[in-house]
Amino acid sequence: MSYNTILTNVDGKVATITLHRPQVLNALNDELMDELGAALMGFDADDNIGCIIITGSEKAFAAGADVAKMAKYNFQEVYRHDYISRNWEQIRKVRKPVIAAVSGYALGGGCELAMMCDMIMAAENAKFGQPEIKLGIIPGAGGTQRLPRAVSKAKAMDLALTGRMMDANEAERAGLVARIFPQAELLNEVSAIAKGIADMPLLTAMMVKESINASYETTLSEGIRFERRLFHACFGTNDQKEGMAAFVEKRPAKFTNS
Ligand code: DAK
């Protein structure tokens, strides 16, 4: 499949999607979000893929939604057509692990897209922010909801009300970023992490993702009940039998994703 605004690459069981609108720092427009959604759905459905990486360029993961496009919209249009909700939500349907590998700017919708992934790995030059207030809008793709859950109310208010950027170290300290790597090594390092995840039993990885994501939507006791049910379900998989037999027999496990 060929795309205009993204590049895709498959290496073993790892699929990498590179946002590719270099002339506008990967500003996110309708076409890009449609293509990203299509690629994600395709890799999620592909039994040969175990983990997906979304990345951008050295200078920008994505500098936000395309402001030049947005500038012309009015309330009637965005409300009537439910502006960009349609294609921005696709990533939430992906059941396999998705890693954001962020180098450079992840601003506005770019930061929100990174936060929709299951974890963010950052290069030392990464910069995160929700500068929408400077444009007269509020974050519109989950920034006011996911950011406080990731970094605390105080820091989310600080970022969204001042529009300032936070660097990779601050983002890691605050809990937004899982790990930081030198810029030149980011993709290699994240690919190795993704390969490790893709080599895990897929159904179990999907259950881990589903269960952790459920913790954002439920009470503690309901979340633990949900976790317990999935934990019990693990014992119905061949990979639980294989994983534990391999441990007991002191040999590497051969998972079959079944
Ligand atoms: N949109 C369109 N073009 C952009 C862009 C953007 N977000 N960001 C950068 N560009 C373009 C610049 O206009 C410039 O184009 P030319 O002048 O070369 O034609 C080119 O990319 C290079 O940018 P700069 O010359 O500005 O590069 P600098 O290194 O000087 O500065 C910068 C980099 C990232 C600090 C600066 O470009 C910047 O401040 N960019 C805008 C950042 C921003 O405000 N982002 C938030 C946008 S609002 C929703 C979903 C999403 C959203 C809302 C709703 N729903 C699902 C409902 C999201 C909203 C947003 O993201």
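Counting the sequence shown from 1 gives a position; the numbering used here is that position plus 370.
By construction, the Cβ of each residue, glycine as well, lies at the ideal position given by its N, Cα and C atoms.
These figures come from a predicted structure and were not determined experimentally.
Annotation for residue 535: no alpha helix (DSSP H) segment contains it, though the beta strand (DSSP E) segment containing it runs 535-537.
Distances taken from the Cβ of residue 449 to the heavy atoms of ligand 1 include none shorter than 6 Å. By the neighbour-count criterion, in which a residue is buried when 16 or more other Cβ atoms sit within 10 angstroms of its Cβ, residue 531 is exposed. Beta bridge pairing from DSSP links residue 497 with 475 and 537.
Each of 477, 627 and 601 was checked against the Cα of residue 435, and the nearest Cα belongs to 477.
In this chain, residue 395 is not harboured by any beta strand (DSSP E), its DSSP state being neither H nor E.
With fewer than 16 other Cβ atoms from the protein chains shown falling within 10 Å of its own Cβ, residue 624 counts as exposed.
DSSP places residue 379 inside the beta strand (DSSP E), whose first and last residues are 376-381. In terms of Cα proximity to residue 512, the closest of 482, 549 and 562 is 482.
Between the alpha carbons of residue 429 and residue 574 lies a distance of about 35 Å. Counting along the chain, residue 386 sits inside the beta strand (DSSP E) bounded by residues 384-389. At a threshold of 6 Å, residue 436 counts as near ligand 1, since its beta carbon sits closer than that to one of the ligand's heavy atoms.
The DSSP assignment places 535-537 and 549-551 as complete runs of the beta strand (DSSP E) inside the stretch 502-579, in order along the chain (cut-off: 3 residues). Rounded to the nearest whole angstrom, the CA to CA distance from residue 471 to residue 581 is 23 Å.
Judged by the Cβ position, residue 455 qualifies as a neighbour of ligand 1 at the 6 Å threshold, a heavy atom of the ligand being closer than this. Beta bridge pairing from DSSP links residue 588 with no other residue.
For the stretch 434-463, not one full-length beta strand (DSSP E) segment reaches 3 residues or more.
Here residue 458 has 403 and 511 as same chain residues with Cβ atoms under 7 Å from its own Cβ, once five neighbours each way along the sequence are excluded.
Sequence-distant Cβ neighbours of residue 556 in its own chain, meaning closer than 6 Å and more than five residues away, are 471, 473 and 493. For ligand 1, no non-hydrogen atom lies closer than 6 Å to the CB of residue 405. Contact between residue 469 and residue 560 holds: CB atoms are separated by about 6 Å, below the 8 Å threshold.
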